[in-house]
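For the sequence shown, position 159 matches number 367 in the numbering used here, and the numbering has no gaps at all. Each residue gets a CB set at the ideal place from its N, CA and C atoms; glycine is no exception. Below: the structure, in structure tokens.
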Amino acid sequence: MSSRPARTAGKHGPRPDDHVIVLFGATGDLAKRKLLPGLFHLARAGLMPSRYRIVGSAPAAEALGTEEFRKHAREAVSEFGSARPEGPAWREFEDALSFGAADPDDTGPLLAAVHEAERAVGGSPRRLFHLAVPPKAFPSVVDELGSTGLAEGGRLIVEKPFGTDLASARALDATIHAVFDESRVFRIDHFLGKESVDNILALRFANGLFEPVWNRNHISHVQIDVPEQLTIEGRAGFFEGTGTFRDMIVTHLFQILGFVAMEPPATLTARSLRQEKDKVFAALRPLDPAHVVRGQYEGYRDEPGVDPHSDTETFVALRVELDNWRWAGVPFYLRSGKALGQGRHMVTLGFREPALRMFPLTTQDTAEGRHNALVIDFDDPGRITTRFLAKEPGPEMRLGEAEMVFAYTDCFTTAHALEGYERLLLDAMLGDQSLFTSSDGIERLWEVSAPLLHDPPPVQSYAPGSWGPESVHRLIRPYRWYLPEER
209 MSSRPARTAG KHGPRPDDHV IVLFGATGDL AKRKLLPGLF HLARAGLMPS RYRIVGSAPA
269 AEALGTEEFR KHAREAVSEF GSARPEGPAW REFEDALSFG AADPDDTGPL LAAVHEAERA
329 VGGSPRRLFH LAVPPKAFPS VVDELGSTGL AEGGRLIVEK PFGTDLASAR ALDATIHAVF
389 DESRVFRIDH FLGKESVDNI LALRFANGLF EPVWNRNHIS HVQIDVPEQL TIEGRAGFFE
449 GTGTFRDMIV THLFQILGFV AMEPPATLTA RSLRQEKDKV FAALRPLDPA HVVRGQYEGY
509 RDEPGVDPHS DTETFVALRV ELDNWRWAGV PFYLRSGKAL GQGRHMVTLG FREPALRMFP
569 LTTQDTAEGR HNALVIDFDD PGRITTRFLA KEPGPEMRLG EAEMVFAYTD CFTTAHALEG
629 YERLLLDAML GDQSLFTSSD GIERLWEVSA PLLHDPPPVQ SYAPGSWGPE SVHRLIRPYR
689 WYLPEER
């Protein structure tokens, strides 16, 4: 893990060793929407191994035959893929698909399917197991892989949530580490596979324009804002036991915070990147419930399967602080929720005002301050906006807001860009853990979250289509949320 693994060049980038990929939960929603279409896109881009097989798996009650699985994959790619399932590329991909059911008391069909796939590939292909199953099924699947010997030398992709608190995260890690050592575990967060998240590293560390001012001397506050317009969409069974804090903040927004706040890594290797991100998590102060706003959209308790007295939050905003030399005294404001005004993925860095006020203040300036900002939209394909003040034309020295914008679509071709899951599936096959979460990191996040989990403030109601409870504006004062983008 000390360096990036050697890679064989493919058509448009690195190419992994030969593989047998086993998808547990292959008949489920994640496989249908992301994994099967993503693997086909990698194949079309020349980024799959030269020789590979994909074995779908599910409990016997949900099992498919190989031809049924191929039909299922065709429908998934047709509905959710970026290219039609047709032509030589599809026929080659389809031929690589097979299915093997697996139950704790009968792993024979899965073993037979994996061994047949390995014979078809030839040589000694690597094994990659993807747990696209509910968290409660993780222990039994991991135990199956250990008891059958399939885990030997293989790698494991684990889906979120990585526990629901510190105790459950430690128990999950102990279960996994009994079969797979940490160097072979890939805790996947599709946010970290976005091109624009990688671009945060490039923006910071490749440009002398930004790195010298990326600290408490020049930045007044940071916002990481991921509002969603969607409601829970019938997922009450999952959401009631999870809530927005566990679903979004611990899993996604804290990870983005790690990239924004980390020190320069010595190299762009998995070890260096993960060490610097984990140092950020080590510097996190325990969360103060007094600096947290929890919300619930009106009508949530009427959703099918939701407790009519539910206290589950569909919205959360919080203030986070770091105890280190770079960021001491700089508040980080994180916000995410369902049924909000827009669906966006934003990081906003507010810069301090110059010490000398040589320009007259307007009433709006007095009320809100005049802050330059660097705004990173990390939704695909992504853009970066620098907001600054410039003189308005005319005889008087009047200031107006101006912007400089970098947009991926205007500057680079995105024809061969990979979605988050596609990038991370490729990295897992390559053995590159740079964009995956470590066990130490996730356990530390649950540790600092304990005060909030033990004593959460009550939920406050908010209207669907709004920006959450009104108290979020008090939380961020003397600043204001960048979203909505009002000028």
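CA-to-CA distance, serine 265 to glutamine 246, given in whole angstroms:
Here residue 246 refers to the residue found at position 38 of the sequence shown. Here residue 265 refers to the residue found at position 57 of the sequence shown. The sequence shown places glycine at residue 246, rather than the glutamine named in the question. So the two alpha carbons sit approximately 17 Å from each other.
What does the Cβ neighbour count give for methionine 554, buried or exposed, with the cut at 16 atoms within 10 Å?
Along the sequence shown, read from residue 1 onward, the residue named residue 554 stands at position 346. Classification for methionine 554: buried.
Nearest CA to the CA of tyrosine 629: which residue from Glu403, Val458, Pro603, Pro473?
Along the sequence shown, one-based indexing puts residue 629 at 421. Of Glu403, Val458, Pro603, Pro473, the residue nearest in Cα terms is Glu403.
Where threonine 450 falls, given that 16 or more other Cβ within 10 Å makes a residue buried:
Translated into the one-based positions of the sequence shown, residue 450 becomes position 242. Per the 10 Å Cβ criterion, buried.
Evaluate proline 677 with the Cβ neighbour count: other Cβ atoms within 10 Å of its Cβ, from every protein chain shown; 16 or more gives buried, anything less gives exposed.
As a first step, residue 677 is located in the sequence shown; it is residue number 469 there, counting from the start. Proline 677 comes out buried.
In terms of residues, what are the limits of the alpha helix (DSSP H) holding proline 659?
In the sequence shown, the residue the question calls residue 659 occupies position 451. 647 to 662 is the span of the alpha helix (DSSP H), which, as asked, contains proline 659.
What would DSSP say about tyrosine 690, mapped onto helix, strand or coil?
The residue labelled residue 690 in the question sits at position 482 within the sequence shown. Looking at tyrosine 690 - three-state DSSP - the assignment turns out to be coil, as it is neither helix nor strand.
If you draw a straight line from the C-alpha of threonine 372 to the C-alpha of glycine 236, how long is it?
As a first step, residue 372 must be located in the sequence shown, where it is residue number 164. As a first step, residue 236 must be located in the sequence shown, where it is residue number 28. One C-alpha to the other measures close to 22 Å.
Cβ-Cβ separation, threonine 593 to glutamate 611 (assumed contact under 8 Å), whole Å:
Position 403 of the sequence shown, counted from the start, is the residue given in the question as residue 611. Position 385 of the sequence shown, counted from the start, is the residue given in the question as residue 593. That belief holds up - the Cβ atoms of glutamate 611 and threonine 593 are roughly 5 Å apart, short of 8 Å.
Can you give the Cα-Cα distance for glycine 308 and leucine 319, rounded to whole angstroms?
To locate residue 308, count along the sequence shown from 1; it is residue 100. To locate residue 319, count along the sequence shown from 1; it is residue 111. One C-alpha to the other measures close to 8 Å.
Where aspartate 640 falls, given that 16 or more other Cβ within 10 Å makes a residue buried:
Reading the sequence shown from its first residue, position 432 is the one you call residue 640. It is buried - the Cβ of aspartate 640 has at least 16 other Cβ atoms within 10 Å.
To the nearest angstrom, how far is it from the Cα of alanine 575 to the Cα of lysine 546?
As a first step, residue 575 must be located in the sequence shown, where it is residue number 367. As a first step, residue 546 must be located in the sequence shown, where it is residue number 338. Residue placement at alanine 575 cannot be trusted, given a pLDDT of 42 that sits under 50; what the coordinates show is reported in the next sentence. Rounded to the nearest angstrom, the gap between the Cα atoms of alanine 575 and lysine 546 is 30 Å.
Could you check what DSSP says for aspartate 226 in three-state terms: helix, strand or coil?
Stepping through the sequence shown from its first residue, residue 226 is reached at position 18. DSSP places aspartate 226 in coil when its eight states are reduced to three.
With distances taken between CB atoms, is the gap from phenylalanine 559 to asparagine 580 smaller than 8 Å?
Within the sequence shown, the letter at position 351 stands for residue 559. Within the sequence shown, the letter at position 372 stands for residue 580. In contact: phenylalanine 559 and asparagine 580 (Cβ atoms closer than 8 Å).
Excluding the five sequence neighbours on either side, which residues of its own chain have a C-beta within less than 8 Å of the C-beta of leucine 250, listed in chain order?
If you number the sequence shown from 1, residue 250 lands on position 42. Around leucine 250: Met256, Leu626, Glu630, Leu633, Leu634.
Contact between the region 523 to 542 and the region 673 to 688 is defined here as three or more beta-carbon pairs at a separation below 8 Å; is this criterion met?
yes
Output the residue ranges of the alpha helix (DSSP H) runs that lie fully inside the region 262 to 343 and measure 4 residues or longer, sorted by chain position.
274 to 288, 295 to 303, 316 to 329
With DSSP collapsed to three states, give me the class of glutamine 641.
Locating residue 641 in the sequence shown gives position 433, where the first residue counts as 1. DSSP places glutamine 641 in coil when its eight states are reduced to three.
Could you tell me whether the Cβ atoms of phenylalanine 337 and threonine 383 are closer together than 8 Å?
Numbered from its first residue, the sequence shown carries residue 337 at position 129. Numbered from its first residue, the sequence shown carries residue 383 at position 175. In terms of Cβ geometry, phenylalanine 337 and threonine 383 do not form a close pair [threshold 8 Å].
In chain order, what are the residue ranges of uninterrupted beta strand (DSSP E) at least 3 long that sit wholly in the region 527 to 551?
540 to 545
Going by alpha carbons, who is nearest to arginine 502 out of Ala469, Leu481, Phe453, Lys240?
Indexing the sequence shown from 1 puts residue 502 at position 294. Checked all of Ala469, Leu481, Phe453, Lys240; the closest Cα to arginine 502 is Phe453.
Thinking C-alpha only, which one of Arg259, His227, Ala297 is nearest alanine 253?
Position 45 of the sequence shown holds residue 253. Ranking Arg259, His227, Ala297 by Cα distance to alanine 253 puts Ala297 first.
Just to confirm the assignment: which complete alpha helix (DSSP H) runs, minimum length 4, are found wholly within the region 448 to 479?
462 to 469
Starting from the C-beta of valine 488, find all residues in its chain whose C-beta is less than 6 Å away, skip the five residues before and the five after it, and write them out in chain order.
Residue mapping note: residue 488 aligns to position 280 of the sequence shown, counting from 1. The residues are Gly466, Ala469, Met470.
Please determine, among Glu529, Val500, Pro512, the residue with the shortest C-alpha to C-alpha distance to phenylalanine 523.
Along the sequence shown, one-based indexing puts residue 523 at 315. Nearest option by C-alpha distance: Val500.
Separation of aspartate 455 from glycine 416, as counted between CA atoms
Here residue 416 corresponds to residue number 208 of the sequence shown, with the count starting at 1. Here residue 455 corresponds to residue number 247 of the sequence shown, with the count starting at 1. Distance between the alpha carbons of glycine 416 and aspartate 455 is about 36 Å.
Just how far apart, CA to CA, sit lysine 599 and proline 420?
As a working mapping, residue 599 is identified with position 391 in the sequence shown. As a working mapping, residue 420 is identified with position 212 in the sequence shown. The alpha-carbon atoms of lysine 599 and proline 420 are separated by roughly 26 Å.
Between which two residues does the alpha helix (DSSP H) harbouring alanine 359 extend?
Walking along the sequence shown from the start, residue 359 turns up at place 151. From DSSP, alanine 359 is part of no alpha helix (DSSP H); its letter is neither H nor E.
With valine 434 and leucine 409 assumed to form a contact (beta carbons below 8 Å), what rounded beta-carbon distance in angstroms separates them?
To locate residue 434, count along the sequence shown from 1; it is residue 226. To locate residue 409, count along the sequence shown from 1; it is residue 201. So it is not a contact: roughly 19 Å between Cβ atoms.
Using the rule of at least 16 other Cβ atoms within 10 Å of the residue's Cβ for burial, across every protein chain shown, is valine 329 buried or exposed?
Counting from 1 along the sequence shown, the entry for residue 329 is found at position 121. By the neighbour-count definition (other C-beta atoms within 10 Å, threshold 16), valine 329 is a buried residue.
Pick from Phe413, Ser679, Asp496: whose alpha carbon is nearest that of proline 472?
Position 264 of the sequence shown, counting from 1, holds the residue named residue 472. It is Phe413 whose Cα lies nearest to the Cα of proline 472.
Simplified DSSP assignment, three categories, for glutamate 352:
The residue given as residue 352 occupies position 144 in the sequence shown. The answer is helix: DSSP assigns glutamate 352 an H, G or I state.
What residue from Gly649, Ala671, Pro692 has the CA that sits closest to lysine 485's CA?
Reading the sequence shown from its first residue, position 277 is the one you call residue 485. Residue Gly649 is the option with its Cα nearest to lysine 485.
Secondary structure of valine 514, DSSP reduced to three states
Taking the sequence shown and counting its residues from 1, one reaches residue 514 at position 306. Valine 514: coil per DSSP, three-state reduction.
Can you tell me the Cβ-Cβ gap for valine 458 and leucine 653, rounded? I've got them flagged as a contact below 8 Å.
Along the sequence shown, one-based indexing puts residue 458 at 250. Along the sequence shown, one-based indexing puts residue 653 at 445. At roughly 5 Å, the Cβ-Cβ gap stays under 8 Å, so valine 458 and leucine 653 are in contact.
Rounded distance between the beta-carbons of tyrosine 260 and alanine 321, thought under 8 Å:
On the sequence shown, residue 321 is found 113 positions in, with the first residue counted as 1. On the sequence shown, residue 260 is found 52 positions in, with the first residue counted as 1. No, alanine 321 and tyrosine 260 are not in contact; Cβ-Cβ is about 14 Å, not under 8 Å.
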